[in-house]
Structure formats: structure tokens, C-alpha cells
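Student: Chains A and B are the protein sequences, given in the same order. The first sequence begins at -6 in our numbering and counts up by one. The second sequence begins at 51 in our numbering and counts up by one.
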Amino acid sequence: MAEVLVLVEQLDGSVKKVTSELLTLARSLGEPSAVWVGGGLDDAAAASLAEFGAATIYVADSADLSEFAVAPKAEVLAQLVAEKSPAAVLIASNAEGKEVAGRLAVKANSGVITDAVAVDSGFVATQSVFGGSTVVHSKVTKGTPIITVRPNSVAPEAAAGAGTKVAVSVALSDSAKKAKVTGRTVAAKGGRPELAEAAIVVSGGRGVGAAEGFGVIESLADSLGAAVGASRAATDAGWYPHQYQVGQTGKTVSPQLYIANGISGAIQHRAGMQTSKTIVVVNKDAEAPMFELADYGVVGDLFAVVPQLTEEIKKRTS
Amino acid sequence: MKIAVCVKQVPDTWAEKKLRSDDSTLDRESADGVMNELDEYAVEEALQIAEANSGEVTIVTMGPDRAAETVRKALSMGADAGIHLVDDSLHGSDAIATSYALAKVLEGRGFDLIIFGSESTDARMSVVPAMVAERLGVAQLTFAQKVTVAGSTVTVERATDYGYDTVEASTPAVISVVEKINEPRYPSFKGIMAAKKKPVESLGAGDAGIDGGQIGLSAAWSGVNDFAVRPPKAAGTVVTDEAGDGGVKIAEFLSAQKFI
């Protein structure tokens, strides 16, 4: 079976859920090989890659790989593509993953497809574009298919692989060493899951009215173990930090459950969440376009409905 | 300091977008064309850097004839000159071809900084800035929420899911900016009048030394097999919170759906 390379996403040495999803997907396309770039691959991380089917774990471990942004990962992958001729390369569809894919595509003279939500055995990718209004099937027609896949597109399923570690030595080119990472600042996030990866997202918009209003949104999110999102109206008003913006100019999320509170549902916002599996809407305006997307909606004051919902969830789950 | 800003004309952010049935490319005729919103932030950042470093800002776009409106808009905000790459053979170019064509236009012109918006609101791939950096062999400083220029050293705060990374490089560099970075200015009446007299160089593919075999729909590295407009979602249940039990009702729905 042909190899399918999966670039591992990790934060401080722990493998992210999206990597388990990509390995699961890779098993349906060929034999998955995980690619670890940087230091810090411990036994637990290697075990988690093997658990989801990695037959091989390519380890490119040298300090300068993490010292520079984006380009080194593309160089490691380009080297592996040249040496191993894999059937495809799968990368998580986030900001960095897409950039790595883009640089790799140029290096490997190969086509790239981003934001796939599914990939079939013929490497035809499904994309949901224009805010989910159009479904596109597309295929790389030159070189090695390089496909970035959105988090939450595939349900991760364990199926043990050998997880054989293979060291990869990479001599970085000068052009990969031009953007030096000199510091990392981690914003406090209160222990909530990452927005793009979360299975449940609870969002607030203009109807929340003020920064303090996000307290009820956060309480609901915490009762469900969810991430908090915000519409552009709320982030522009400074009520909630910008990195939590969901929408056309913010993040695209596709969780199992999306609860939109006080969000009218302009295209700007819908474009970032329309592909959520189940959508619940709370808004006092019965005419809000958001209700068109709702699987379940309540026309009412979010400051009455949301705290009551939070209490009810706590009652039922305690 | 010589600064280029790459801008793209896209269908109006608020319009419903669609693909053409004949060649599966974006239907640019069905909606008004506007400057990609995130590119306005790129223009603003370039103007601020130029103002602080006695720089000069050149707007670069690739697109059909009417994309010239987008160049004019950037000039009316205060940029100094424009370059419009316009050629029928570019139609249908994918991100790889676009990055190739832009790199051909940009190379050899001595730009210290090349600034992009971090993504376009139509294709939303966010890959062209990284690809252009790769092609030009210069530093990539993308997803910047803050840019600091000190002589030939450029430092950015690269927005990430966990916060931000501080990334540093020497010029020349490719930068892309996120919305958080600044508040784009509106063109003044004076600016709009002045923009009419500013020079815009119109280039064909051949003028820029672009190999015709590397661009356009026929050269694309990937292709659309088929597409379909998703049918509107089946109407869900919407209730009015008259009895004051809306929260409980949602909990019942979530419970029936096994979320709790």
C-alpha cells in the first residue's frame, strides 16, 4: 500500500486531536506515516500516533526546525515527498498548516487543495465553500496531492499501527532560516478547548450587549465543555478578544454542536459556522436570519434563556 | 523604503457568491467587485510604515480590467503608484499559478516589504503570501497582528490559536496582516481626486516575463470535478420563550440529541 504522509500537529509535545483524525483518514487512503518536525517526541506522543495507525513515524528532530516559522516544515515534507513518493500528503487545515501546504506545493511542483472536509479513495476532496452554500469536489491533477483537512471532518478511530520511528536528517536551506521565532506568548484561555477543534462551540454576538454579558456565554460553554466564539460585531466592539471571532474574516468552525446567542446571522458570520452539524439559536428577534440555520431555536431574551439552560445542563449532568 | 501591497478584487463580502456553470471558476460578474476586505488592512499598514520610514507604496493586483477600480481605491487611500497585471490568459489561475505570476511581477523591483491581507474572502485559502515568499526566497512574516520596522529589521506578532509568536527577519520580507492590526482609513475627497493622476502600469503576462504554460485554467495544478449548490437547510423547530422555559426546552433538545 502506498504511503500517505500526515504532518503531526502538536503543542508542547502533546499530539492534537486533528492528527488522530488525519491518521484515521489516511488509513482509508493507504498506509499512514506520521511526520514529526521538531524536538520533544516522547513515548506518549509516539504511542498516540501508533494508536491511530501510524505505521512509520518520521522524526525530524533538530533544534533549528522549531526556531524558524513555517518554512522548515515544508522543507522536511518536500524531502520526504522526493524520497518516498507518497500517494498524498495530509496536513491540518489551520493557518500554519495551509501555509506549509502552500510552500510544499511550490517546492514539489504539486497541486494543493485546502479546507477539505472529506477525501475519497481516489483522492477526490470535498470542500464546502462560500460559507457552506456550495459543495465542490476537486482533485489534484499534477504531482503529489497535498490536501489540508479541516478539524472535526473525520471521527478519529483507533487502529494500532507499528509506529516505527525513522530518523530524518534535514539540512535546512538558508531561505528556510529567514523568519526567526524569538518568542511565544500564550494567552490565558481558562482551560477551554481550542475553538477550531472543539466539538461544541457556544457563541455570542451583538445581543450580548457588553463585555460583561459574555459571562453567561462562558458559563454555558463551561457547562458543556465547549469553546467560546464571538461574532464580528462583538469582537469589533471589544467585548471579546479578536482571536475568538467566528466568520468570514475570522475562524471557520465545524463542530458537532454550535449554539449561537444574540447573533443575527449575517453572511459574514454564517460563512464561519454554517457547516456545524447541529445548530441551536437564541435570539430575541424572530426575524433573525440565523433561525434559518437552526435545528432548534428559541425566540427570547438570551439573558433569561441561557442561564436557565446552563442550570438545566448542570442539573442533568451532575 | 519600497513597499508593495498585493490586493485582490473579490465579490462584495455581503453578496451571495457562486461558481460558473461553464468552467467552475468564481462568477465575478454576478456581484459587485470590491477590494478584498483584509487587503484594506494591508494598505493601511503599508501607508503607516511608509509614513514613519519615508517610504513609497506601490499597489499590485492581478485581475480582469475592472480590478483597476481596486487599485484606484488603494491609491485614493494614499498609495503612490499601481501595477495591474491583466491578461485573459490568467483566467482560472489557481493559487500556485497566481503566486508564480505575482512573483514574476514583484521580482527585481527592489521592494523591501511586500504586504498582503492574510486571506481573500472568496477563495479563503491563505496560501498565496507563503507561496510568494517561497518563490522569492525571502522571509515570510505572515498573520501579523502587529508589525514593527526598525531599519532593515522587521518584527511581527504572528497570531496563533494560543496567542502569538514573535517572529523577526531582515528585509526583504513578505508580510500578511490580520484584521486586528489597524483601522483602515477612508479615502478623502482630496485623496480620490489625487488618485486619478497617480501612475498605474498595466502589464500583460508577456510584459512580466510570465510563461503562458504556467498560468490559467488549463495549467492549473488541481481541478474541480463537479460542484453543487447545497439545498437550503430543512427548517428546524423554533419556539417562542413565552412561558419562560426556553432554556429547559433547549436542554431537552440537547438531551434528545445525546449532547447531554
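We put the beta carbon where it would ideally sit given N, CA and C, even for glycine.
1. Provide the residue(s) that pair with Y251/A in DSSP beta bridges, ordered along the chain.
2. Beta carbon of A101/A, beta carbon of Q190/B: below 8 Å?
3. Given a threshold of 16 other Cβ atoms within 10 Å of its Cβ, counted over all protein chains shown, does S121/A qualify as buried or as exposed?
4. For K10/A, return the contacting residues in chain B, with the cut-off set at a CB-CB distance below 9 Å.
5. Taking 6 Å as the limit between beta carbons, can you name the residues of its chain near A(-5)/A, skipping five residues before and five after?
6. As a quick exercise: from T127/A, A47/A, L(-2)/A, A19/A, pick the residue whose alpha carbon is nearest that of A67/A.
7. Report yes if the CB atom of A118/A is closer than 8 Å to the CB atom of I84/A, and no otherwise.
8. The alpha helix (DSSP H) that contains P65/A, what's its start and end?
9. If we define contact as Cβ-Cβ less than 8 Å, is Y236/B a contact residue for chain A?
10. Taking buried to mean at least 16 other C-beta atoms within 10 Å of its own C-beta, is E207/B buried or exposed?
11. Closer than 8 Å, Cβ to Cβ, to anything on chain B: give me those residues from the segment 188 to 199 of chain A, in chain order.
12. Since I believe I272/A is in contact with D288/A (beta carbons under 8 Å), could you give me their beta-carbon distance rounded to a whole number of angstroms?
13. Counting contacts by CB-CB distance shorter than 8 Å, is L302/A in contact with chain B?
14. Leaving out five residues before and five after S220/B in sequence, what residues of the same chain have Cβ atoms less than 8 Å from its Cβ?
15. Give every residue of the same chain whose Cβ lies closer than 8 Å to the Cβ of L97/B, excluding the five residues on either side of it in the sequence, and list them in chain order.
16. Please tell me whether G294/B has its Cβ less than 8 Å away from any Cβ of chain A.
17. Enumerate, from N- to C-terminal direction, the unbroken alpha helix (DSSP H) stretches of 4 or more residues contained entirely within the segment 155 to 191 of chain A.
18. Check the Cβ of F296/A against every Cβ in chain B and list those closer than 9 Å, keeping chain order.
19. Between the segment 173 to 180 of chain B and the segment 88 to 103 of chain A, do at least 3 Cβ pairs fall closer than 8 Å?
20. In the DSSP assignment, find the unbroken alpha helix (DSSP H) run with K299/B in it and report its ends.
21. How would you call G31/A, buried or exposed, if buried means at least 16 neighbouring beta carbons within 10 angstroms?
22. When the Cα atoms are used, what is the spatial distance from E305/A to A43/A?
23. At the level of alpha carbons, what is the spacing between A48/A and A281/A?
24. Say whether chain A places a C-beta atom closer than 8 Å to the C-beta of R78/B.
25. Within the chosen definition, does the segment 247 to 259 of chain A reach the segment 185 to 196 of chain A through at least 3 CB pairs nearer than 8 Å?
26. Since V99/A and I146/B are thought to touch, with beta carbons under 8 Å apart, how far apart are those beta carbons, to the nearest angstrom?
27. At least one CB of chain A closer than 8 Å to the CB of F303/B: is that the case?
Tutor: Straight from the coordinates:
1. In DSSP, Y251/A forms a bridge with V194/A, I272/A.
2. No.
3. The residue in question, S121/A, is buried, as its Cβ has 16 or more Cβ neighbours within 10 Å.
4. Neighbours of K10/A on chain B: none; closest Cβ ~13 Å, over 9 Å.
5. If we look at A(-5)/A and ignore the five residues flanking it on each side, its Cβ neighbours are G23, A80.
6. Comparing Cα positions, the closest option is L(-2)/A.
7. In this structure, A118/A sits away from I84/A, with a CB-CB distance that is not shorter than 8 Å.
8. Taken as a continuous stretch (DSSP letters only), the alpha helix (DSSP H) holding P65/A covers 64 to 77.
9. No - not a single Cβ of chain A is within 8 Å of the one on Y236/B.
10. It counts as buried.
11. Here the close residues are L188, A189, I193.
12. So it is a contact: roughly 5 Å between Cβ atoms.
13. Yes, L302/A lies at the interface with chain B (some Cβ there is under 8 Å from its Cβ).
14. Once the five neighbours on either side are set aside, the close Cβ partners of S220/B are A189, S202, T203, V204.
15. So the list reads V107, M127, G128, A129, R235, once near-sequence residues are dropped.
16. Interface residue (Cβ-Cβ distance to chain A less than 8 Å): G294/B is classified as such.
17. Whole alpha helix (DSSP H) segments, 4+ residues: zero.
18. Result: empty, since nearest Cβ-Cβ is about 11 Å, beyond 9 Å.
19. Note that the segment 173 to 180 of chain B touches the segment 88 to 103 of chain A; at least 3 beta-carbon pairs, one per stretch, sit closer than 8 Å.
20. Residue range 296 to 306 is occupied by the alpha helix (DSSP H) that includes K299/B.
21. By the neighbour-count criterion, in which 16 or more other beta carbons inside 10 Å mark a residue as buried, G31/A falls on the buried side.
22. Going from the Cα of E305/A to the Cα of A43/A covers about 40 Å.
23. Their backbone Cα atoms lie some 50 Å apart in a straight line.
24. By the rule that beta-carbons nearer than 8 Å mark a contact, R78/B does not touch chain A.
25. They touch, by the three-pair rule.
26. Indeed, because the Cβ distance is near 7 Å, the residues count as touching under 8 Å.
27. Output row for F303/B: interface = yes.
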